[in-house]
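Encoded as structure tokens, the structure appears first; notes follow it.
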Amino acid sequence: MSIETWLAFFVACWVISLSPGAGAIASMSSGLNYGFARGYWTALGLQIGLLLQITVVAAGVGALLATSALAFNLIKWFGVVYLLYLAWRQLRAQPVSMEQDVSVRPLGQPLALVFRGFLVNVSNPKALVFMLAVLPQFLDLSHPLLSQYVLMAITMVTVDAVVMAGYTGLASKVLRLLRSPKQQKTMNRVFAGLFAGAAGLLTLVRRAAA
Numbered sequence: 047m048s049i050e051t052w053l054a055f056f057v058a059c060w061v062i063s064l065s066p067g068a069g070a071i072a073s074m075s076s077g078l079n080y081g082f083a084r085g086y087w088t089a090l091g092l093q094i095g096l097l098l099q100i101t102v103v104a105a106g107v108g109a110l111l112a113t114s115a116l117a118f119n120l121i122k123w124f125g126v127v128y129l130l131y132l133a134w135r136q137l138r139a140q141p142v143s144m145e146q147d148v149s150v151r152p153l154g155q156p157l158a159l160v161f162r163g164f165l166v167n168v169s170n171p172k173a174l175v176f177m178l179a180v181l182p183q184f185l186d187l188s189h190p191l192l193s194q195y196v197l198m199a200i201t202m203v204t205v206d207a208v209v210m211a212g213y214t215g216l217a218s219k220v221l222r223l224l225r226s227p228k229q230q231k232t233m234n235r236v237f238a239g240l241f242a243g244a245a246g247l248l249t250l251v252r253r254a255a256a
């Protein structure tokens with residue numbers, strides 16, 4: 047892969063990562079609920095899911111989703127149900143007393159947050175089919191493909207990790223501004239609505255369109 051091709055891919059990664067989606071919503075939700083240090087575990091889970099998607103595309107298995115309606119729909123509807131579950135959890139989240147030290151807010155278990163982020167990414171077939179369509183365009187077929195996929199995986203994960211850190215950190219700062227239970231309940235409803243909205247958008251995804 048030439049430096050010019052890599053730079054084009056690097057820019058594309060920023061555009062893709064900065065585009066609001068279920069991953070960004072999940073990162074902000076964790077930052078809001080647990081603060082940056084704890085909430086960033088969700089972003090790490092997102093990166094594991096992203097790595098798995100890239101591996102699937104590199105192995106050629108991603109083509110299955112582009113040709114099999116059953117495989118595509120199974121993953122899609124699992125993603126819809128999981129996003130709705132996250133909306134329900136966010137809606138039921140209890141306000142945190144800001145009169146006390148922020149360390150008293152509920153702590154999410156790191157592995158649970160990692161798994162949450164992982165599921166958000168791997169349950170989005172649109173992202174997988176998108177990568178199946180985009181990644182090969184940056185490949186130089188005259189050179190070994192494995193090393194190019196590894197470079198693209200490192201680039202994409204690094205960029206996405208930085209972007210999700212920004213989303214998580216931004217939401218964690220918002221937490222300090224939410225002093226009253228009413229404000230926190232309103233914010234929880236907003237994020238619940240965002241998760242539900244992401245689920246609704248996912249129901250509109252069609253294999254043919256992808």
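Using the working numbering, read the sequence shown as starting at 47 and increasing by one per residue. Cβ coordinates follow ideal geometry from the N, Cα and C atoms, glycine included.
Own chain residues within Cβ distance below 6 Å of residue i, not counting five before or after
{"i": "Y213", "result": "A70, S73, M74"}
{"i": "V148", "result": "Any answer about V148 is weak, because its pLDDT of 44 lies below 50 and its placement is not dependable; what the coordinates show is given next. Taken in chain order, the list of residues that qualify is empty."}
{"i": "A245", "result": "V126, L129, L130"}
{"i": "S63", "result": "V205, D206, V209"}
{"i": "Q194", "result": "M47, L185"}
{"i": "A58", "result": "none"}
{"i": "L240", "result": "I71"}
Extent of the continuous alpha helix (DSSP H) to which residue i belongs
{"i": "F161", "result": "156-168"}
{"i": "F55", "result": "49-64"}
{"i": "L181", "result": "Looking at the DSSP string, L181 is not in any alpha helix (DSSP H), and its letter there is neither H nor E."}
{"i": "R138", "result": "Here R138 belongs to no alpha helix (DSSP H), and DSSP marks it neither H nor E."}
{"i": "G85", "result": "68-105"}
Own chain residues within Cβ distance below 7 Å of residue i, not counting five before or after
{"i": "Y86", "result": "A211, T214"}
{"i": "F161", "result": "G91"}
{"i": "A89", "result": "S73, G163, A207, M210, A211, T214"}
{"i": "T249", "result": "V126"}
Spatial neighbours of residue i in its chain, beta-carbon cut-off 8 Å, leaving aside the 5 residues before and after
{"i": "M177", "result": "Q99, I100, V103, G108"}
{"i": "L216", "result": "M74, G77"}
{"i": "Q146", "result": "At Q146, the pLDDT of 43 sits below 50, so the modelled position is not reliable and the matter cannot be decided from this model."}
{"i": "L258", "result": "As shown, the chain starts at 47 and ends at 256. That puts residue 258 outside it, with no answer to give."}
{"i": "T201", "result": "W52, F55, F56, C59"}
Beta-carbon proximity check, residue i vs residue j, cutoff 8 Å
{"i": "N67", "j": "F164", "result": "One point to set straight first is that residue 67 is Gly, not Asn, in the sequence displayed. No, these two residues do not count as a Cβ contact at 8 Å."}
{"i": "F56", "j": "F184", "result": "no"}
{"i": "L159", "j": "G77", "result": "no"}
{"i": "L132", "j": "N234", "result": "no"}
{"i": "W52", "j": "V205", "result": "no"}
{"i": "S218", "j": "F82", "result": "yes"}
{"i": "V166", "j": "L97", "result": "no"}
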